[in-house]
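Mapping the sequence shown onto this note's numbering, position 108 (from 1) lands on 148, and the numbers just tick up by one.
Beta carbons are placed, not taken as given, at the ideal position from N, Cα and C, and that holds for glycine.
For clarity, every value in this text was computed on a predicted model and none was experimentally measured.
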Amino acid sequence: MSGPAEIRPNWAAFISGLDLILDTWESLELAMEQERTGYRMRDKYYKLNDEVFCYFDALVRNRQVSNPSDVENMLVDILDRYFNIMLEDMSEMDVAHDMCRLFDKYNMGNYATVDGMAEEQDLRSGGSAAQQSQTIAQQGADKSGDGSK
41 MSGPAEIRPN WAAFISGLDL ILDTWESLEL AMEQERTGYR MRDKYYKLND EVFCYFDALV
101 RNRQVSNPSD VENMLVDILD RYFNIMLEDM SEMDVAHDMC RLFDKYNMGN YATVDGMAEE
161 QDLRSGGSAA QQSQTIAQQG ADKSGDGSK
């Protein structure tokens, strides 16, 4: 079964860009710090990531454009469901706009921005998951490109 990274150019880099946006969202970080249950907090964060990624994956599959209001509403809903918080700083609006701008650049083929954010995320995380995703995507491209490996 082929995943998004295998069929979409730079998808792994786009995902890393979304990770970077979420990882640098201060209000989310504060909410997670208040959740003192360790593994449950990580689980909630992964659920948030998954819902965000699925939203943008559906946009790509359905050839739709991003809507910051929809993303903002989704983020508010997720924060309420998983972290039981309502933000007063309105940062979800900025985060939604950042995500949509990144998606629009990705969708228009402006991979320089997407790749730059992926590199920044790699530096923040030590190159772990994003690097592995990009390596897997490259291996898939190598296998389909020349039959070697």
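Given a cut-off of 8 Å on the beta-carbon distance, is the pair Leu115 and Glu128 in contact? no
Query raised in the report: If we count the other Cβ atoms within 10 Å of its Cβ and call it buried at 16 or more, is Gln74 buried or exposed?
Result: exposed
* **Cα-Cα separation between Arg48 and Arg121, rounded to whole angstroms** => 31 Å
**OP:** Please go through the same chain and pick out, in chain order, the residues whose beta-carbon is closer than 8 Å to the beta-carbon of Leu142, but skip the five residues on each side of it.
**Re:** Phe54, Gly57, Leu58, Ile61, Thr153, Val154, Met157
> Excluding five sequence neighbours on each side, which residues of the same chain lie with their C-beta closer than 6 Å to the C-beta of Ser168?
Replying inline: Reliability fails at Ser168, whose pLDDT of 46 lies under 50, so the model's placement of it is uncertain and no value is given.
Checklist entry - Exposed or buried, Val105, counting other C-beta atoms within 10 Å across all chains shown (16 or more means buried)? => result exposed
### Task
Taking Gly149 as part of the alpha helix (DSSP H), name the residues at either end of that continuous run.
Per DSSP, Gly149 belongs to no alpha helix (DSSP H) and is neither H nor E.
- request: State the start and end residues of the unbroken alpha helix (DSSP H) segment that holds Pro204.
  value: In the structure as shown, the chain starts at 41 and stops at 189, and residue 204 therefore has no counterpart that could be examined.
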